[in-house]
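Here is the structure we will look at.
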Amino acid sequence: MTIVLLTLLGLLSATLLVGIWIGPALIGIGVVMLDLFTSRPTMRQIGLWSFNVLTSSEVVSLPLFILMGELLFRTRLSQSLFTGIAPWVGFLPGRLLHTTILGCSLFSAISGSSAATTQVVGRITLTELLRRGYNKDIAVGSLAGGGMLGFLIPPSIPMIIYAVLAEESLLRLLTASFLPGFIVAGSFMTYIAIRALMRPDIVPEHDRRISEWSWSDKLKSLVELGPVAFLIFTVLGTMYLGIASPSEAAAIGVVGALLVAVLQRALTWQSLKESCLGTVQTTCMIGLIVLGAFIVGTVLANLRLPQFISAAISSWNLAPFALIMLLMVFYIVLGTVLEGFSMIVLTLPIVLPVVLAAGFDKVWFGVFLILTIEMAQVSPPVAFNLFVIQNLTGDSQTYVAWKVLPFFLIMCGFGILITLVPGIVTWPADFLLGK
């Protein structure tokens, strides 16, 4: 078993150091290990696994969710979000700073991508906040923090990958992640309100006065939120009401995104071409990663390597809470050198059996894993959310990382909370879908 583990680590290290893309690298490693350590017909087995994995209902929904996000990226939805939310947060301490968190939360519910959420929402909210004179530090930090919600609030592209690799219901995972996502968003808004009460100067003087928006303005602003509400219902509403499966809901969401683009006069042949091309590129990249991870994970499972590692960790006699905290630190550190998708596919075949053996639920661990992946999105030097904000502001990654630190610590605290009270994650899915 030691030979198997050393072979895996050696091949993985060699491919990453050479710079081979993670998808082809995983497929190559799986083929080599299949040839070396099993007697199965390699090419026939690879063909069978490729068909089974890439035609599963969860993977079929993946390009549709990506296409929906690509289409919305090219609309004026971010402007509509800011205009629709702003009149309703004027009475809160922190005023318009809350538009970033709420905007990210709502866009996450129709996007599924953390980087896209940061880019689309930040393009409008950050520019407007800085123009009005809000404190730059808290504005940048709140955008980086709000962007972390992109993976946690459904629909979530990494959650689809986890569902495939863990062989768990995608609908249960999406349902379980909804409540934690909005609790985290509420925690971020609470932090901003407390900061504003402690330091009123983070809000410009003209915005500290009584809200300039009348009830007439607030009611009119709801029209701007109409496209977002429509898309959330078409995607999440149809799933939770039992009208559509996740893949069907994704298809409905694409139609809804096209309709929004047409109504906002943002749909041109050029934007449609760019959206389709971006979808193909992203889907192919993720598809190769998922297939490679499945091949490697299946080979390792047949060789019983996860059980071997699980037994070794069990011999440490760690309490379940200590094990999860160790994994949280492990993923945060791993996030400094790997991006989120790679972290999931490289570690899940080994980590998941260990977690299940410790008595944790598979759905619960999916939400926990996505939470830690989100934290890794703001852990330098490989931190995609920070790269996006750098492009928006021109600041250094170190500056942005320091400003997002309070939101990062809130996420850490929430990870500890759901470990102590796992029902926060599991209860919604059990209540709505049954055990």
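Using my numbering, count along the sequence shown one by one with no gaps and you end on 444.
Beta carbons are placed, not taken as given, at the ideal position from N, Cα and C, and that holds for glycine.
As the structure is a prediction and not an experimental result, all values here were calculated from the model.
Cβ-Cβ distance between residue i and residue j below 7 angstroms
| i | j | result |
| --- | --- | --- |
| residue 441 | residue 184 | yes |
| residue 110 | residue 155 | yes |
| residue 164 | residue 74 | yes |
| residue 298 | residue 39 | no |
| residue 338 | residue 153 | no |
| residue 263 | residue 77 | yes |
| residue 34 | residue 47 | no |
| residue 368 | residue 431 | no |
| residue 269 | residue 258 | no |
| residue 117 | residue 180 | no |
Boundaries (first-last residue) of the alpha helix (DSSP H) holding residue i
| i | result |
| --- | --- |
| residue 110 | 107 to 120 |
| residue 96 | Premise fails: residue 96 is in no alpha helix (DSSP H) and is neither H nor E. |
| residue 185 | 179 to 207 |
| residue 211 | Premise fails: residue 211 is in no alpha helix (DSSP H) and is neither H nor E. |
| residue 342 | 329 to 343 |
| residue 423 | 406 to 429 |
| residue 233 | 224 to 233 |
| residue 386 | Per DSSP, residue 386 belongs to no alpha helix (DSSP H) and is neither H nor E. |
| residue 311 | 278 to 311 |
| residue 29 | No alpha helix (DSSP H) contains residue 29, which DSSP labels as neither H nor E. |
| residue 166 | 166 to 175 |
| residue 437 | 432 to 442 |
| residue 324 | Element bounds for residue 324: n/a, residue is neither H nor E. |
For residue i, the nearest candidate out of the options (CA to CA)
| i | options | result |
| --- | --- | --- |
| residue 343 | 163, 70 and 383 | 383 |
| residue 107 | 54, 211, 168 and 406 | 211 |
| residue 420 | 191, 255 and 280 | 191 |
| residue 255 | 68, 410 and 404 | 68 |
| residue 401 | 121, 103 and 135 | 135 |
| residue 100 | 80, 145 and 223 | 223 |
| residue 115 | 144, 160 and 140 | 160 |
| residue 422 | 229, 206, 264 and 200 | 200 |
| residue 213 | 118, 426, 143 and 412 | 143 |
| residue 415 | 177, 403 and 149 | 149 |
| residue 404 | 145, 278, 118 and 60 | 145 |
| residue 80 | 53, 168 and 279 | 279 |
| residue 215 | 243, 103, 283 and 317 | 103 |
| residue 408 | 56, 105, 61 and 147 | 147 |
| residue 340 | 261, 57 and 374 | 374 |
Span separating the alpha-carbon of residue i from that of residue j
| i | j | result |
| --- | --- | --- |
| residue 249 | residue 50 | 42 angstroms |
| residue 308 | residue 428 | 31 angstroms |
| residue 355 | residue 363 | 15 angstroms |
| residue 113 | residue 380 | 16 angstroms |
| residue 138 | residue 186 | 30 angstroms |
| residue 94 | residue 198 | 14 angstroms |
| residue 98 | residue 271 | 29 angstroms |
| residue 232 | residue 241 | 15 angstroms |
| residue 361 | residue 335 | 14 angstroms |
| residue 31 | residue 358 | 16 angstroms |
| residue 438 | residue 17 | 36 angstroms |
| residue 371 | residue 140 | 46 angstroms |
| residue 120 | residue 82 | 9 angstroms |
| residue 285 | residue 275 | 15 angstroms |
| residue 310 | residue 294 | 24 angstroms |
| residue 202 | residue 170 | 35 angstroms |
| residue 128 | residue 204 | 25 angstroms |
| residue 70 | residue 45 | 34 angstroms |
| residue 19 | residue 413 | 35 angstroms |
| residue 228 | residue 85 | 20 angstroms |
| residue 265 | residue 433 | 31 angstroms |
Cβ distance (whole Å) where residue i is taken to contact residue j below 8 angstroms
| i | j | result |
| --- | --- | --- |
| residue 182 | residue 302 | That pair is no contact at about 17 angstroms. |
| residue 397 | residue 172 | Incorrect: roughly 26 angstroms between the Cβ atoms, too far for contact. |
| residue 332 | residue 353 | Actually they do not touch by this definition, with Cβ atoms about 18 angstroms apart. |
| residue 349 | residue 385 | 6 angstroms |
| residue 89 | residue 237 | 7 angstroms |
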